[in-house]
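Residue 370 is where the sequence shown ends in the numbering used here, and the numbering goes up by one at each step.
Step one of this worksheet: look at the structure below.
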Amino acid sequence: MRLILVGFGHVGRDLARIIADRYRNRFKVVAIVTGRHGSLADPGGIDLQAVLCGGLGGPQGTTPSALEVINSVEAETVVELTPLNIFSGRPAIDHVEAALKTGKHVVTANKGPIAWDYERLAALARQVGRRLLFEPTVMDGTPVFNVARYGLRGCRVTGFSGILNSTSNFILARMEEGASTAEAIAEAQRRGFAETDPTLDVEGWDAAAKVAALANVLMGAGMTPLMVERRGITGITAADLAAARAAGETIKLVGEAYLAGSGEAGEPGEAGGSGEAGEPGLVARVEPRRVPLGSDLGRVGGTTSILTLKTDMMGDLTIIEHEPALMQTAYGVLNDLLEILGEEGPLWPKGKP
Ligand SMILES: NC(=O)c1ccc[n+]([C@@H]2O[C@H](COP(=O)([O-])OP(=O)(O)OC[C@H]3O[C@@H](n4cnc5c(N)ncnc54)[C@H](OP(=O)(O)O)[C@@H]3O)[C@@H](O)[C@H]2O)c1
18 MRLILVGFGH VGRDLARIIA DRYRNRFKVV AIVTGRHGSL ADPGGIDLQA
68 VLCGGLGGPQ GTTPSALEVI NSVEAETVVE LTPLNIFSGR PAIDHVEAAL
118 KTGKHVVTAN KGPIAWDYER LAALARQVGR RLLFEPTVMD GTPVFNVARY
168 GLRGCRVTGF SGILNSTSNF ILARMEEGAS TAEAIAEAQR RGFAETDPTL
218 DVEGWDAAAK VAALANVLMG AGMTPLMVER RGITGITAAD LAAARAAGET
268 IKLVGEAYLA GSGEAGEPGE AGGSGEAGEP GLVARVEPRR VPLGSDLGRV
318 GGTTSILTLK TDMMGDLTII EHEPALMQTA YGVLNDLLEI LGEEGPLWPK
368 GKP
């Protein structure tokens with residue numbers, strides 16, 4: 018299967034390593050596009066080892082844009098790996114749309130298209146008979162959407178809650194151990210999982226994007242991250258954590274959505290929901306919350322994530338991702354690619370990796 022990689026940062030490079038090491042006979046990368054580090058196209062297949070060692074070459078301006086490449090290069094699948102634009106989902110939405118309109122499948126690790134425009138893009142994918150897959154957008158490579166899609170057939174997801182941002186969870190845990198907020202952020206940055214600008218993590222935006230993506234896909238919410246009631250961890254102090262600990266509790270940044278009036282959580286018609294008081298409607302929020310130390314949420318430390326799906330026939334189902342590494346996001350992309358490959362048949366010579 019021929020791939021166009023749009024974005025070649027941490028995830029793109031990890032994916033290239035996996036393909037070069039183990040899946041050369043299944044996938045052929047025919048184009049790579051970046052923002053500022055050049056682009057490359059080769060219908061015969063790019064030498065991934067050479068690119069991983071030597072880079073792409075060519076400054077921005079002398080190379081085509083992502084849209085030009087998606088529209089002009091022949092391939093079966095576009096892999097969208099550009100950074101999240103939390104305030105619009107673009108340009109990733111445009112990349113996904115162009116790919117589908119030119120008859121290509123899409124796999125995205127970028128939450129933007131799913132958190133901002135899922136309904137329209139999923140309808141477009143159905144219309145053109147192509148797949149839009151996005152497993153790595155929430156909890157990296159851990160199967161979340163696939164559990165709901167394939168493991169809970171006929172079940173209705175009525176809500177979910179969890180700890181979805183590993184950076185803020187790590188920061189809270191380090192603060193509980195005595196580090197200052199600044200020290201905890203600096204450590205997360207040193208260890209490579211917090212951005213240089215950690216605002217999206219600590220102010221709850223990243224978790225809000227995940228809540229919107231989950232609510233859109235699992236509950237048909239048709240919402241955006243701006244519609245998620247959101248409060249981050251910036252106001253949490255060492256004294257707050259100590260007071261919680263003294264009461265046998267801890268503080269976690271919890272993301273959740275539920276149908277108000279369904280009796281799943283909270284009260285009907287709470288602020289942040291789309292429903293009127295007492296009427297069914299979707300409540301979606303991210304907020305720091307005191308939880309018992311011995312509870313599922315309370316036991317999740319470090320960069321571990323947890324998500325509980327509330328369902329009508331299967332009760333509550335909890336998924337935990339233990340201390341993820343970067344490679345797990347690339348695995349999530351690979352998993353989606355293999356699913357498409359299975360459905361497409363042997364577009365590229367078959368064989369065991
Ligand atoms: N890292 C993780 O563990 C993880 C986990 C789950 C989901 N994700 C999501 O996966 C995506 C990729 O993450 P990452 O860590 O690989 O990001 P990254 O290291 O920042 O890499 C982003 C890549 O996108 C390129 N890019 C930026 N704007 C572009 C544009 N307009 N057209 C084409 N390419 C463009 C960048 O090129 P330049 O460097 O040249 O600008 C870079 O190659 C993000 O949406 C992220 O939220 C990441």
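Note that the Cβ used here is the ideal one computed from N, Cα and C, for glycine as well.
All figures in this text were calculated on a predicted structure; none of them were measured in a lab.
Note the first and the last residue of the continuous alpha helix (DSSP H) segment covering R112.
Sequence index remark: in the sequence shown, residue 112 carries index 95 (1-based). First, the residue type needs correcting, since residue 112 is His and not Arg in the sequence shown. Per DSSP, H112 belongs to the alpha helix (DSSP H) from A109 to K118.
Just how far apart, CA to CA, sit L351 and A277?
On the sequence shown, position 334 is the one that residue 351 refers to. On the sequence shown, position 260 is the one that residue 277 refers to. L351 and A277 have their alpha carbons spaced roughly 37 Å apart.
Across which residues does DSSP place H122 in a beta bridge pair?
Position 105 of the sequence shown holds residue 122. T94, per the DSSP bridge assignment.
Scan the segment 293-368 and note each continuous beta strand (DSSP E) run of 3 residues or more that stays entirely inside, going in chain order.
Those beta strand (DSSP E) runs which fall completely within the segment 293-368 and span 3+ residues are 298-309, 322-328 and 333-338.
State whether the segment 306-317 contacts the segment 265-275, with contact taken as three or more CB pairs (one from each stretch) at a distance under 8 Å.
With the cut-off at 8 Å, the segment 306-317 and the segment 265-275 touch.
Taking the continuous alpha helix (DSSP H) assigned at E193, which residues delimit it?
Indexing the sequence shown from 1 puts residue 193 at position 176. Where E193 is concerned, the enclosing alpha helix (DSSP H) stretches over S183 to E193.
Pairing CB atoms from the segment 201-209 with CB atoms from the segment 123-136, are three or more of them under 8 Å?
Verdict: no, contact absent.
Just to check, is the beta-carbon of A225 closer than 7 Å to a non-hydrogen atom of ligand 1?
As a first step, residue 225 must be located in the sequence shown, where it is residue number 208. Checking the Cβ of A225 against ligand 1 gives no.
Can you tell me whether P215 sits near ligand 1, meaning its C-beta is under 7 Å from at least one heavy atom of the ligand?
Residue numbering aside, residue 215 sits at position 198 when the sequence shown is read from its first letter. Relative to ligand 1, the beta carbon of P215 is positioned no closer than 7 Å to any heavy atom.
Distance, I250 Cα to E193 Cα
As a working note, residue 193 is residue 176 in the sequence shown. As a working note, residue 250 is residue 233 in the sequence shown. Taking the straight line joining both Cα atoms gives about 13 Å.
Would you list the residues sitting across from K45 in a DSSP beta bridge?
For this step, residue 45 is matched to residue 28 along the sequence shown. Bridge partners of K45: R19.
Is there at least one non-hydrogen atom of ligand 3 closer than 7 Å to the beta-carbon of E152?
Ligands displayed in this structure: ligand 1; ligand 3 is not among them.
Does DSSP classify A58 as helix, strand or coil?
Walking along the sequence shown from the start, residue 58 turns up at place 41. Shown here, A58 sits in a strand according to DSSP, grouped into three states.
L117 to A190, Cα distance in whole Å?
Locating residue 117 in the sequence shown gives position 100, where the first residue counts as 1. Locating residue 190 in the sequence shown gives position 173, where the first residue counts as 1. If you draw a straight line from the Cα of L117 to the Cα of A190, it is about 42 Å long.
Does the Cβ of F25 lie closer than 7 Å to at least one heavy atom of ligand 1?
Position 8 of the sequence shown, counting from 1, holds the residue named residue 25. Correct: F25 has its Cβ closer than 7 Å to ligand 1.
Can you give me the Cβ contacts of T51 inside the same chain, cut-off strictly under 6 Å, excluding the 5 residues immediately before and after it?
Walking along the sequence shown from the start, residue 51 turns up at place 34. Excluding five sequence positions before and after T51, the CB atoms of its chain that fall closer than 6 Å to its own CB belong to F25, given in chain order.
Since I believe R19 is in contact with E93 (beta carbons under 8 Å), could you give me their beta-carbon distance rounded to a whole number of angstroms?
In the sequence shown, counting from the first residue as 1, residue 93 sits at position 76. In the sequence shown, counting from the first residue as 1, residue 19 sits at position 2. E93 to R19, Cβ: 5 Å. Contact.
What I want to know is whether the C-beta of R34 ends up closer than 7 Å to one or more non-hydrogen atoms of ligand 1.
On the sequence shown, position 17 is the one that residue 34 refers to. R34: no, Cβ never under 7 Å from ligand 1.
If I follow the unbroken alpha helix (DSSP H) through V228, where does it start and stop?
Taking the sequence shown and counting its residues from 1, one reaches residue 228 at position 211. Per DSSP, V228 belongs to the alpha helix (DSSP H) from W222 to M236.
Got a sec? Which residues, its chain only, sit under 6 Å from P215 by beta carbon, not counting five neighbours each side?
Stepping through the sequence shown from its first residue, residue 215 is reached at position 198. By the criterion of a C-beta distance shorter than 6 Å, P215 is surrounded in its chain by I202, once the five residues flanking it on both sides are discounted.
What's the C-alpha gap between V300 and D329?
To locate residue 300, count along the sequence shown from 1; it is residue 283. To locate residue 329, count along the sequence shown from 1; it is residue 312. Straight-line Cα distance between these residues: approximately 17 Å.
Please find out if some non-hydrogen atom of ligand 1 comes closer than 7 Å to the beta-carbon of G29.
Position 12 of the sequence shown, counted from the start, is the residue given in the question as residue 29. True, at least one ligand heavy atom lies under 7 Å from that Cβ.
Does ligand 1 have a heavy atom nearer than 7 Å to the CB of N127?
Numbered from its first residue, the sequence shown carries residue 127 at position 110. Under cutoff, so the answer is yes.
State buried or exposed for Q77, treating a residue as buried only when at least 16 other CB atoms are found within 10 Å of its CB.
Locating residue 77 in the sequence shown gives position 60, where the first residue counts as 1. Residue confidence for Q77 is low, a pLDDT of 49 falling below 50, so the modelled location carries little weight; the figure read from the coordinates is stated next. That one is exposed.
How long is the line joining the alpha carbons of G1 and R248, rounded to whole angstroms?
In the structure displayed, the chain extends from 18 to 370; residue 1 sits before or after that span and is not available.
Compute the beta-carbon to beta-carbon distance between T321 and D157, rounded to the nearest angstrom, for a pair I have assumed lies under 8 Å.
In the sequence shown, residue 321 corresponds to position 304, counting from 1. In the sequence shown, residue 157 corresponds to position 140, counting from 1. Wrong, their Cβ atoms sit about 11 Å apart, outside the cutoff.
Straight-line CA distance for N163 to H112?
Translated into positions along the sequence shown, residue 163 becomes position 146. Translated into positions along the sequence shown, residue 112 becomes position 95. Distance between the alpha carbons of N163 and H112 is about 23 Å.
Taking the beta carbon of T125 as the centre, do at least 16 other beta carbons fall within 10 Å, making it buried, or is it exposed?
The residue given as residue 125 occupies position 108 in the sequence shown. Buried.
Comparing alpha-carbon positions, which option in S185, G209, P100 and R147 lies nearest E356?
Stepping through the sequence shown from its first residue, residue 356 is reached at position 339. Checking every option, the nearest Cα to that of E356 belongs to R147.
If you measure from the CB of P100, is any heavy atom of ligand 1 nearer than 7 Å?
Numbered from 1 along the sequence shown, position 83 holds the residue referred to as residue 100. Taken from the Cβ of P100, at least one heavy atom of ligand 1 lies inside 7 Å.
Tell me which same chain residues have a C-beta within less than 7 Å of the C-beta of A58, skipping the five on either side of it?
Taking the sequence shown and counting its residues from 1, one reaches residue 58 at position 41. Taken in chain order, the residues that qualify are V47, A48, V86 and V90.
Just to confirm before moving on: does the CB-CB distance between G272 and L169 stay below 8 Å?
On the sequence shown, residue 272 is found 255 positions in, with the first residue counted as 1. On the sequence shown, residue 169 is found 152 positions in, with the first residue counted as 1. No, these two residues do not count as a Cβ contact at 8 Å.
When we look at the beta-carbon of Y348 and count the other beta-carbons within 10 Å, is it buried (16 or more) or exposed?
Taking the first residue of the sequence shown as position 1, residue 348 is located at position 331. Buried.
Could you check where the alpha helix (DSSP H) with G129 kicks off and where it finishes?
Along the sequence shown, one-based indexing puts residue 129 at 112. That run of the alpha helix (DSSP H) goes G129 to V145.
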